[in-house]
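**Q** Quick one: the structure is below, and I'll ask about it shortly.
Protein chains: 2
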Amino acid sequence: MSSFVVALDVGGTSMKGGLVSESGAVLLSERCPTPRAEGPEAVVAAIREFISHLADSGDGIPAGVGLAVPGLVSEDTAVYAANLGWRDVPASDFTSLDVPVMLGHDVRTGGLAESVLGAGRGVPDFLFLPIGTGIAGAMIVHGQPYGGSSGWGGEIGHIPVFPDGEQCACGQFGCLETYASAASVGRRYSLRAGIEGVRAEQVVSSDDPLAVEVWDEAVEALSLALATYTLLLDPSMIVLGGGLAEAGPALFDPVRTRLVKRLAFRDAPPLLPAALGVDAGMLGAALLGWRAAGREDLGPGWVMDVRSEPLVS
Amino acid sequence: MSSFVVALDVGGTSMKGGLVSESGAVLLSERCPTPRAEGPEAVVAAIREFISHLADSGDGIPAGVGLAVPGLVSEDTAVYAANLGWRDVPASDFTSLDVPVMLGHDVRTGGLAESVLGAGRGVPDFLFLPIGTGIAGAMIVHGQPYGGSSGWGGEIGHIPVFPDGEQCACGQFGCLETYASAASVGRRYSLRAGIEGVRAEQVVSSDDPLAVEVWDEAVEALSLALATYTLLLDPSMIVLGGGLAEAGPALFDPVRTRLVKRLAFRDAPPLLPAALGVDAGMLGAALLGWRAAGREDLGPGWVMDVRSEPLVS
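One line per chain: the protein sequences are A and B, in this order. Going by the numbering used here, the first sequence runs without a break in its numbering and finishes at 313. Going by the numbering used here, the second sequence runs without a break in its numbering and finishes at 313.
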């Protein structure tokens, strides 16, 4: 029997692929660009080639393939992905190999990895919130990522934190994402200061009053969204990931303080940094690949080489 | 074998009790006051007596007892109820009968009833939102009420819809409940108009500009909270109940319009009126009583005499 799966995390600009063994060893890890500009079919073809290339590097035939993809997705179909132009692409289209394939939603697959292998090990109910170019959450409910009635759940980046706030690219007003994503923090400061192309990490570490103001608004938006999530879903913890979480205490400390302040009759859940970093999606895809191969049991016993110290005390 | 259970819905001012048969027939339904002013133990004693009284009216010994109670609750313990002064009251304290007892959270037990017997029959993922003196929701997830990691979930009445808004009785600012509960609608109009004791239903049907303003703010608060719930939990529908839902189209129409307007990239779930009215808690408690008796299968086959026409088209 084969002792590895092919795992792929498909992003809008690049794909991260790997081979992961039965014991959780990452045998190989590679990146390749996503040819989004060439159209929906070119991306599917590129995925097919990348999977074959990865599989060829393994010793034998893979036991399964797992893919984390954006948009609306079921285990066997990429139903809809606006940014890749997909509509109803069956899982079998993604590989020419004759092995079982399982698809997962990108953020929820990362949440699955944090749940089984990372910061949420052994915690049945929590929120995994990666803050990057955009913001979406993976709600872990009874130990599994929950996508709602139709798979459109977890859109915490678009809840209206400031009802009369700025218009978001999505068309709504006052969305969390338009204040607190890494892209928004950079964009809002650049606009206000009249300097082009400033990145979020520069804003966070700056003492320019305009930078302090923009960062303060991001922190306030995040605290409101996390207070709302806490009151509704009562998570036992909140795991922050993505590029912005690299800000460490500059993010965690003020968000924690304001979250506590927003909650009067209940405790705030602890805020923790994600453990798997940029590998979360690929590792979650590996879990899906093993599930496709009938090995739902794998994962909990794996020992990962993850960040062992929290970013903050 | 006994063919009925005792069901009790314990509220802050009154208790609704009943006997419910194996086929879902409500054999008896009675109300009695909750002696809250006499202290936590007096309430427990009153429940014990009420249950015995109800059981005596039945033909034989009940198969089980189900209770819907406020606060933090597990199946076998009323862990904490601020308004009744309870702390860790075991289920067995509530009855002197030697029959199995199961407890449930009041709102979630009502949600269970709407899910199995009412507006949510056959719908695995939805929100049941009774709007009365206060506001709390029952989140139905994969066909079961979900209370979060510790049973404190569903507090949609206290999410901050207006971040810089009025202070709520809970201590937080801008809570949904402080704008949109029946009590708040009455209170806010009374305060603004300088007239004491106006009830919500009078405000809803008035064309006094101050009443229109207060109602408009309630509708806006509700739309924001429901947009947030929809984006996070992606329910397939939202069931509104409680006293305020009796306002019918005056509530449903403007909330629906604004909810649709708040959502740019996804559809709004349908808004439906609850089907079981004030009986939801007692009927849910009956389901719990039957579950205590080992009859998890009961409920779906029951034909209830419920509102068959929606309040609105």
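The C-beta atom is built at its ideal place from N, Cα and C for all residues, glycine as well. Quantities reported herein were computed from a predicted structural model and do not represent experimental measurements.
Measuring CA to CA, which of F173(B), G194(B), L259(B) is closest to E220(B)?
**A** L259(B)
**Q** Quick one: what's D9(A) bridged to in DSSP?
**A** K16(A), A68(A)
**Q** Given this structure, state the Cα-to-Cα distance separating S184(A) from G11(A), to the nearest angstrom.
**A** Whole-angstrom Cα-Cα distance: 19 Å.
**Q** Can a CB atom of chain A be found closer than 7 Å to the CB of L231(B)?
**A** L231(B) counts as touching chain A.
**Q** Could you compute how far the alpha carbon of D164(A) sits from the alpha carbon of I131(B)?
**A** 25 Å
**Q** Taking any Cβ of chain B, which residues in the segment 124-137 of chain A have a Cβ under 9 Å from it, in chain order?
**A** P124, D125, F126, G137
**Q** Determine the closest residue to F233(A) out of A138(A), G64(A), R48(A), with distance taken between C-alpha atoms.
**A** Residue identity check: residue 233(A) is Leu in the sequence provided, not Phe. The option with the nearest alpha carbon to L233(A) is A138(A).
**Q** Rounded to whole angstroms, what's the CA-CA distance from V89(A) to D56(A)? Just pull it up for me.
**A** 24 Å
**Q** Below 7 Å on C-beta distance, what does A264(A) contact in chain B?
**A** C170, G171, Q172
**Q** Would you call the segment 257-276 of chain B and the segment 169-179 of chain B in contact, with 3 or more CB pairs under 8 Å?
**A** No, the segment 257-276 of chain B does not touch the segment 169-179 of chain B.
**Q** At what residues does the beta strand (DSSP E) containing W215(B) begin and finish?
**A** Where W215(B) is concerned, there is no enclosing beta strand (DSSP E), although the alpha helix (DSSP H) it sits in stretches over 209-233.
**Q** Can a CB atom of chain B be found closer than 7 Å to the CB of S184(A)?
**A** no
**Q** To the nearest whole angstrom, what separates the beta carbons of M282(B) and G18(B), a pair I think is in contact under 8 Å?
**A** 5 Å
**Q** Just curious, the beta strand (DSSP E) that Q202(B) is in, first and last residue?
**A** First-last for Q202(B): 200-204, but that is the alpha helix (DSSP H), not the beta strand (DSSP E).
**Q** I believe G71(B) touches V79(B) by the beta-carbon criterion, under 8 Å. Please report the beta-carbon distance rounded to the nearest angstrom.
**A** 7 Å
**Q** What's the gap between the Cα of V20(B) and the Cα of W290(B)?
**A** 9 Å
**Q** How should M1(A) be labelled, buried or exposed, when 16 other C-beta atoms within 10 angstroms of its C-beta is the threshold for buried?
**A** With a pLDDT of 48 at M1(A), under the threshold of 50, the modelled position of this residue cannot be trusted; read the value that follows with caution. Exposed.
**Q** Just confirm the distance between the C-beta atoms of L97(B) and V161(B), as a whole number of angstroms; I'd bet it's less than 8 Å.
**A** The pair is not a contact, with the Cβ atoms about 45 Å apart (cut-off 8 Å).
**Q** Taking C-beta pairs closer than 7 Å, name the residues in chain A that I238(B) reaches, listed in chain order.
**A** Per Cβ cutoff of 7 Å: no residues; I238(B) is ~11 Å from chain A at best.
**Q** Select from V6(A), G148(A), A119(A) the residue whose C-alpha is nearest the C-alpha of L54(A).
**A** V6(A)
**Q** Strictly by DSSP, which residues pair up with T77(A)?
**A** P90(A)
**Q** Compute the distance between the beta-carbons of T34(A) and V43(A), then report whether it is under 7 Å.
**A** The Cβ-Cβ distance between T34(A) and V43(A) falls below 7 Å.
**Q** Beta-carbon of T77(A) versus every beta-carbon of chain B: anything under 7 Å?
**A** no
**Q** Which first and last residues belong to the beta strand (DSSP E) in which F162(B) is found?
**A** Taken as a continuous stretch (DSSP letters only), F162(B) belongs to no beta strand (DSSP E), as it is neither H nor E.
**Q** Which residue's Cα is closest to the Cα of G120(A): P145(A), A136(A), L103(A), H105(A)?
**A** P145(A)
**Q** Classify H158(A): buried if its beta carbon has 16 or more other beta carbons within 10 angstroms, exposed otherwise.
**A** buried
**Q** Would you call A324(A) buried or exposed, if buried means 16 or more other Cβ atoms sit within 10 Å of its Cβ?
**A** Residue numbering for chain A in the displayed model covers 1 to 313; residue 324(A) lies beyond these limits and cannot be assessed.
**Q** When the cut-off is 7 Å and only beta carbons count, does W152(B) lie next to chain A?
**A** yes
**Q** Would you tell me roughly how many angstroms separate the C-alpha atoms of G147(A) and G58(A), rounded to the nearest one?
**A** 33 Å
**Q** For chain A, find out if any of its Cβ atoms is closer than 7 Å to the Cβ of L311(B); answer yes or no.
**A** Reliability fails at L311(B), whose pLDDT of 43 lies under 50, so the model's placement of it is uncertain and no value is given.
**Q** If M237(A) sits next to F126(A), beta carbons under 8 Å apart, how far is it from one beta carbon to the other, in whole angstroms?
**A** 5 Å
**Q** Measure from the C-beta of G148(A) to each C-beta in chain B and report whether the shortest distance is under 7 Å.
**A** Answer yes: the Cβ-Cβ gap between G148(A) and chain B drops below 7 Å somewhere.
**Q** Return helix, strand or coil for H142(A), following the three-state DSSP convention.
**A** coil
**Q** Does T228(B) have its Cβ less than 7 Å from a Cβ in chain A?
**A** By this cut-off, T228(B) is an interface position.
**Q** Does the contact criterion of 3 or more C-beta pairs under 8 Å hold for the segment 98-105 of chain A versus the segment 204-217 of chain A?
**A** no
**Q** Alpha carbon to alpha carbon, what distance is there between A293(B) and E22(B)?
**A** 11 Å
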